[in-house]
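One structure is given here, and the rest of the page talks about it.
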Amino acid sequence: MTLDTLKPGSTCLVKKLTAEDQLGQRLMDMGVYPGLRLTVVRNAPLEDPMELELGGAYLSVRHEEAKFVEVEG
Amino acid sequence: MGREKTLVALAGQPNTGKSTVFNAITGASQHVANYPGVTVEKMTGSYRYDGAKVEVVDLPGTYSLTSYSLEERVSRDFLLHEEPSVVVNVADASNLKRNLYLTFQLLEMQVPLVLDLNMMDVAKRRGIEIDVKELEKQLGTTVVPTAIRNGTGKKELLKSIHAVSLSERPSEPFRIDYGPLESFLTEIEGELSGNGALWANYPPRWLTVKLMEGDDEARRLVRKNHSNPELLLAFVEKKRQAFESEHAEKPERHVAFRRYHVADDITKASLKPKAASSQPLSDKADQFICNRFLGPLILVGVIYLLYYLSIVQGYNLTNYTWPLLAKLRSLTESILPNPGFIEEPLIRSLTLWFVDSINALLNYIPIFFILFGLIAILEDSGYMPRMAFMLDRLFNKFGLHGQSTLPMVLGGIYVGGCAVPAVMSCKGIPDERARFATILTIPMLNCLAKVPLYVLLINIYFVGHKGLAMFFISTITLLMVLPVAKILTRTVLKKKETSPFIMEMPPYHVPTIRGVLGRATERVWLFIRKIITIVAVIAIIIFVLLQFPGLSNERKAYYSTQKDLVTANFYKKIEGNPYAEHVQGKNLMALVIYWDKYKNAKMMAKGKDAAKAINERFKEENPIFFKIAQPKKDKDAKKLNRAFKKVFSARKKLLREIKKEKIDNSFLGQIGHAMEPYTKWAGFNWRINVSLLASFAAKESSVATLGALYEQEEEGESLETRMEKGEKGFTPLHALALMLFMALYPPCIATSIMVKIQTGKIRWMVFSMIFPIVLGIMVATLIFSGGNLLGLSGLQAMFAFYGLALAITIGMGFLKNE
Ligand SMILES: Nc1nc2c(ncn2[C@@H]2O[C@H](COP(=O)(O)OP(=O)(O)O)[C@@H](O)[C@H]2O)c(=O)[nH]1
Ligand SMILES: [Mg+2]
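Residue numbers (our numbering), protein chains in the order written: chain L, 16 to 88; chain V, 7 to 824.
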């Protein structure tokens, strides 16, 4: 399952980042790493991007980027 | 004191309060510049401690120190090469774990570090308690808790900076345990050790980790400094691959992962977790602010407020500042040599032109001040990322970015913005390609200075459909901006770096007055410094182009004869009048000037008392002239008054003719004529060409130049009437082509300079001026020639073009980004 398919309100565990180079590094640098629990808070009014909550911080990510984060319920 | 200057660098993740710390410790002594060769802003300031000067640099806020983004590279290079005496790592205490991720990287670089745990007030409010002593022990570095916005902890912070700047670097620096990666690191470090400049100049542990991460810049350092770089790099590459196949993970991922792991351990040891995790206030607020229905409404409200406060109220404010500027002008006028009957001294016309050009820009300062203040509020409050969140999808479809929202609003997404602050505010867009596309397309929006020409043309040529025409020109610009942005990103900007969107949504904060005012002043000052001088130079060039070569000797002689005729006629009429002796020779000109001043003063005066005071003043200045100006029952004076009025208006007419002929003859006029064969397809004759060329310094002058070109046949005729009479063959189609060309008019000088500053290259500035001209000519030609070919009326052509633009925009929106 990938992060972009999750609906607002759902919580998940990050399994793996399949993103290469810059995107992968950036996700890590902004605090998305394997083993992390995160919650999808909401989608933007136009559906994209989505907002995530991770350990008290809030990130917004485009769905096309969230595709590269493998998660499990 | 003998010691070298102390250099302090502030590093930290965005929104941790770095700038607030910077302001708190440096006070008013601040200076903005760019890092050499790049467009990243460098804030420097200084303070005194114990009598010694301490220099402070505010590094760009970054989450990490990789070589993927410009900001991170800039920060890293600064730390490596400028060797600051102390680095203050500003961290958000309410979010310690995330912040430690950067702290570790700083420690790895072995810079002398002070960890500033800022926002302690927020942490306390959320029930987070931090054991500072434990944290110091774990990290082996000085930790200072602050709530810098309230001034708490500032003294201790300064004290710690001082102490660290004097102390030796620790011999046993903090080390992250990278687990299974460690054996690989040891091998690489072994290869590196003792290798000349590389080993001596760069922290070995840091370099080793960076090489293992596959960092480009680290590789570059090796190539530059190592005795046998290719061999070493090949070795590193082998190790990287070995790790990846052994652990099914890239080394750089593992490094980041371990850092979070260690951060977790350290936070667990030094942090007393909050009793119950409650939903933070900011997230509660976002339920409304980013809500599907309420969010867009609030956004529109905020944009409207921004527009209302800056453009509408700021414009009202210019009612108070404009008289000051007008006073400056009349003061200048009073010290300049007086004009002659038909000739104006060059120094006079040049100086006044100069003052007018500068005033036209200075007049915007109240608007800018409010605008910059409001932008600072949006930035500091945390609303800006929410704007980006809400509109990213729309802008992203056209190669732009969520953070293009504010620049677009400022540039005049509806009507009446200003491209200068808009281009300035593009700085925050992290994606380089989208940033360039935004910078290059913003000038195509409707800035305030384009509006007078629209109003003029609509009032003449779209009388029956004023509202519709205004709506058309206000909204068509966005329909041109979006597709053009898309085209640019797929062509000339194709090679520009893009970066992921991922953006933090920081908690909301109440902005501080000092921060807001400081930023507004600083940006207005930047505007004045950078822009005014260049505008002055261009103003002079355009003046020369408009004034020279001037009239031929025959024409001069002709006008001189005209003048003699007028005056001779006057003197004949007043023969025998007792006042006649007072208007002989030079006195006639003196009366002209007196009359002019008196009329102006009377026009400006408000109320009876003011008028009376003016009468008194002028009576005192010259009682006889006053008698002529206000003859009352004096028959002789009345006669002279009537005769003089004729001379006065005859002179005005002559002056106007001369001015028109001068422009006609001028270099700019010649260019305008020479261009006519080409521009006629767009419906522009030479007069329009000249006024467009003269608008280059500032678009406000388009209408003023037209004003000079269309003769006033009767006193007080409006420009609308004059233009209508002067351009008999002009149709609404002409007007529409001209309006669209004005919409696509190249950026004014002030904006061009901002484009140069924000893109860092003259090349892009030139491009930003040329492509709208080409596009503008194409669109105007399409409207005019195409419209004529199809036999469309102005209104029909307007609808057709709107439909076309809308279709192209929608089509472009469907095109996938690369
Ligand atoms: N509550 C609180 N807010 C702070 C503190 N320091 C800064 N802020 C606010 O946090 C926001 C971001 O600060 P700023 O200095 O711009 O952060 P920077 O991005 O790191 O430069 C601003 O609204 C500040 O007023 C603090 O100690 N406590
Ligand atoms: Mg800042």
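Positions of the beta carbon are idealized from the N, C-alpha and C atoms, including for glycine.
Remember, it's a predicted structure, so these values are computed and weren't measured experimentally.
Does DSSP put residue i in a helix, in a strand, or in coil?
i, result
"residue 46 (chain V)", "coil"
"residue 379 (chain V)", "helix"
"residue 123 (chain V)", "strand"
"residue 686 (chain V)", "helix"
"residue 534 (chain V)", "helix"
"residue 424 (chain V)", "coil"
"residue 184 (chain V)", "coil"
"residue 7 (chain V)", "Residue placement at residue 7 (chain V) cannot be trusted, given a pLDDT of 39 that sits under 50; what the coordinates show is reported in the next sentence. Looking at residue 7 (chain V) - three-state DSSP - the assignment turns out to be coil, as it is neither helix nor strand."
"residue 511 (chain V)", "coil"
"residue 82 (chain V)", "helix"
"residue 65 (chain L)", "strand"
"residue 64 (chain V)", "strand"
"residue 58 (chain L)", "strand"
"residue 31 (chain L)", "strand"
"residue 438 (chain V)", "helix"
How about residue i: is its C-beta nearer than 8 Å to some C-beta of chain L?
i, result
"residue 8 (chain V)", "Per-residue confidence for residue 8 (chain V) stands at a pLDDT of 40, beneath the threshold of 50, marking its modelled position as unreliable; the derived number appears in the next sentence. Closer than 8 Å: no."
"residue 4 (chain V)", "No information on residue 4 (chain V) is available, as it lies outside the stretch 7 to 824 that chain V covers here."
"residue 539 (chain V)", "no"
"residue 101 (chain V)", "yes"
"residue 258 (chain V)", "yes"
"residue 72 (chain V)", "yes"
"residue 432 (chain V)", "no"
"residue 505 (chain V)", "yes"
"residue 239 (chain V)", "no"
"residue 818 (chain V)", "no"
"residue 266 (chain V)", "yes"
"residue 372 (chain V)", "no"
"residue 615 (chain V)", "no"
"residue 183 (chain V)", "no"
"residue 551 (chain V)", "no"
"residue 286 (chain V)", "yes"
"residue 693 (chain V)", "no"
"residue 396 (chain V)", "yes"
"residue 301 (chain V)", "yes"
"residue 424 (chain V)", "no"
Whose C-alpha, out of the options, is nearest the C-alpha of residue i?
i, options, result
"residue 5 (chain V)", "V:565, V:428 and V:380", "Outside the displayed range of chain V (7 to 824) lies residue 5 (chain V), so it cannot be described from this structure."
"residue 445 (chain V)", "V:554, V:771, V:508 and V:669", "V:771"
"residue 222 (chain V)", "V:211, V:234, V:243 and V:205", "V:243"
"residue 688 (chain V)", "V:780, V:204 and V:263", "V:780"
"residue 663 (chain V)", "V:806, V:629 and V:557", "V:557"
"residue 7 (chain L)", "L:36, L:17 and L:38", "Residue 7 (chain L) lies beyond the range of chain L shown here (16 to 88); nothing can be said about it."
"residue 605 (chain V)", "V:398, V:130, V:654 and V:711", "V:654"
"residue 472 (chain V)", "V:677, V:461 and V:768", "V:461"
"residue 110 (chain V)", "L:44, L:25 and L:37", "L:44"
"residue 423 (chain V)", "V:463, V:813, V:378 and V:294", "V:378"
"residue 367 (chain V)", "V:212, V:538 and V:388", "V:538"
Can you find a C-beta in chain V that's less than 8 Å from the C-beta of residue i?
i, result
"residue 19 (chain L)", "no"
"residue 85 (chain L)", "no"
"residue 55 (chain L)", "no"
"residue 28 (chain L)", "no"
"residue 71 (chain L)", "yes"
"residue 24 (chain L)", "no"
"residue 45 (chain L)", "yes"
"residue 77 (chain L)", "yes"
"residue 52 (chain L)", "no"
"residue 88 (chain L)", "no"
Contact check, residue i vs residue j under 8 Å by CB: the rounded distance?
i, j, result
"residue 465 (chain V)", "residue 47 (chain V)", "That belief does not hold up - the Cβ atoms of residue 465 (chain V) and residue 47 (chain V) are roughly 44 Å apart, past 8 Å."
"residue 69 (chain L)", "residue 510 (chain V)", "Contact doesn't hold; Cβ gap of about 10 Å is too wide."
"residue 417 (chain V)", "residue 495 (chain V)", "That belief does not hold up - the Cβ atoms of residue 417 (chain V) and residue 495 (chain V) are roughly 18 Å apart, past 8 Å."
"residue 37 (chain V)", "residue 57 (chain V)", "Contact doesn't hold; Cβ gap of about 22 Å is too wide."
"residue 187 (chain V)", "residue 147 (chain V)", "Actually they are not in contact, since the Cβ atoms of residue 187 (chain V) and residue 147 (chain V) sit about 23 Å apart, beyond 8 Å."
Fully enclosed by the stretch 234-303 of chain V, which alpha helix (DSSP H) runs are 4 residues long or longer? Fully enclosed alpha helix (DSSP H) runs of 4 or longer: 235-253, 257-276 and 287-295.
Runs of alpha helix (DSSP H) wholly within the stretch 296-376 of chain V (minimum 4 residues, chain order): Every alpha helix (DSSP H) stretch that sits fully inside the stretch 296-376 of chain V and reaches 4 residues is listed by chain position as 300-313, 320-341 and 352-368.
Jot down the residue ranges of each uninterrupted alpha helix (DSSP H) in the stretch 99-155 of chain V, minimum 4 residues, whole runs only, in chain order. Qualifying alpha helix (DSSP H) stretches, in chain order: 102-114, 126-131 and 138-145.
Residues near ligand 4, CB to any non-hydrogen atom under 6 Å, in chain order? Ligand 4 is not among the ligands present in this structure, which contains only ligand 1 and ligand 2.
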